[in-house]
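Only one structure is covered here, and it is reproduced in the block below.
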Amino acid sequence: MGCVSATAHVGGSQLLVIIPTTLAEGNFARKTVGEELRVLTMQDRIWKMLNNYNAFIALPGSIGTLEEIFEISSWAQLNIYHKPIGLLNVDGFFNKLLSFLDQAREENFIPHSARQIFISASTAEEMIDKLEDFVYEPDPVAAQINWSKGSSNKKSKMDLSLSL
53 MGCVSATAHV GGSQLLVIIP TTLAEGNFAR KTVGEELRVL TMQDRIWKML
103 NNYNAFIALP GSIGTLEEIF EISSWAQLNI YHKPIGLLNV DGFFNKLLSF
153 LDQAREENFI PHSARQIFIS ASTAEEMIDK LEDFVYEPDP VAAQINWSKG
203 SSNKKSKMDL SLSL
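Numbering-wise, the sequence shown is residues 53 to 216 according to my numbering.
Encoded structure:
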């Protein structure tokens with residue numbers, strides 16, 4: 053995170069780095085540049101990113117990177133989130149992942165709306181162009197889901213009776 057934020061800052065970008073306090077205070081991440089917002093958990097980090105960013109750009113990374121992009125894409129499939137996920141496909145790093153997503157789409161395991169938010173580019177310039185051109189096409193079924201209704205505060209009783 054620190055290397056990316058420093059490079060973006062040098063390039064003139066305004067930054068909001070959202071990082072769990074544990075990672076910021078430990079020796080797990082380099083010092084970030086720009087505004088830093090510390091949160092308690094990785095879930096808090098994703099939620100804050102959803103509310104503060106116009107898009108996500110994933111660089112080649114490990115399991116944590118994959119976990120975040122798939123969590124965000126699953127939220128798009130549920131009509132919670134509609135912003136693109138850019139995969140900066142350096143040296144074809146994401147080629148097999150993109151092929152997997154295409155196959156999952158072709159076999160109807162994921163809807164078009166979940167696949168379309170993945171934008172792939174091999175350079176930062178191409179990525180910015182593609183992100184600026186992105187237009188979300190909602191899935192007709194998922195578009196019927198209304199998350200603003202909230203959940204009921206009424207507690208339901210669990211039936212814990214045992215029948216022999």
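The C-beta atom is built at its ideal place from N, Cα and C for all residues, glycine as well.
Whose C-beta lies closer than 6 Å to the C-beta of residue i among residues of the same chain, with five residues either side of it excluded?
i       : result
Tyr-188 : His-134
Thr-73  : Arg-90
Gln-66  : none
Gly-64  : none
Ser-126 : none
Return the chain-ordered list of same chain residues with a C-beta closer than 8 Å to the C-beta of residue i, the five sequence neighbours on each side being excluded.
i       : result
Ala-156 : Ile-162, Arg-167
Ile-115 : none
Leu-153 : Ile-162, Arg-167, Phe-170
Ile-98  : Glu-120, Glu-123, Ile-124
His-164 : Arg-157, Glu-189, Asp-191
Met-179 : Ile-109, Gly-138, Leu-140, Ile-171, Ala-173
When the Cα atoms are used, what is the spatial distance from residue i to residue j?
i       : j       : result
Ala-110 : Thr-117 : 7 Å
Ala-128 : Trp-199 : 12 Å
Ile-197 : Thr-93  : 27 Å
Arg-90  : Ile-124 : 20 Å
Ala-194 : Asp-96  : 24 Å
Val-71  : Leu-139 : Checking the sequence, you will find Ile at residue 71 rather than Val. Their Cα atoms are separated by approximately 20 Å.
Ala-176 : Asn-104 : 21 Å
Glu-159 : Leu-149 : 15 Å
Ser-204 : Asp-143 : For Ser-204, the pLDDT reaches just 48, beneath the cut-off of 50, and the residue's location in the model is therefore unreliable, although a value from the coordinates is still provided. Cα to Cα, Ser-204 sits roughly 49 Å from Asp-143.
Ser-215 : Phe-108 : Confidence in Ser-215 is poor, its pLDDT being 48 and thus under 50, which makes the residue's placement unreliable; the coordinate value appears in the next sentence. If you take the alpha carbons of Ser-215 and Phe-108, they lie about 51 Å apart.
Does DSSP put residue i in a helix, a strand or coil?
i       : result
Ile-109 : strand
Pro-72  : strand
Gly-144 : helix
Leu-89  : strand
Gly-138 : strand
Ile-132 : coil
Glu-152 : Correcting the residue identity first, residue 152 is Phe in this sequence and not Glu. In this structure, Phe-152 counts as helix in the three-state DSSP scheme.
Phe-122 : helix
Ile-171 : strand
Asp-185 : helix
Gln-196 : helix
Is residue i buried or exposed, if buried means 16 or more other CB atoms sit within 10 Å of its CB?
i       : result
Ser-151 : exposed
Val-69  : buried
Ile-132 : exposed
Asn-141 : buried
Among residues of its own chain, excluding the 5 on either side of residue i, which ones have a beta-carbon nearer than 7 Å to its beta-carbon?
i       : result
Phe-186 : Pro-136, Ile-171
Asn-106 : Lys-135
Phe-146 : Leu-139, Ser-172
Leu-130 : Ala-194, Ile-197
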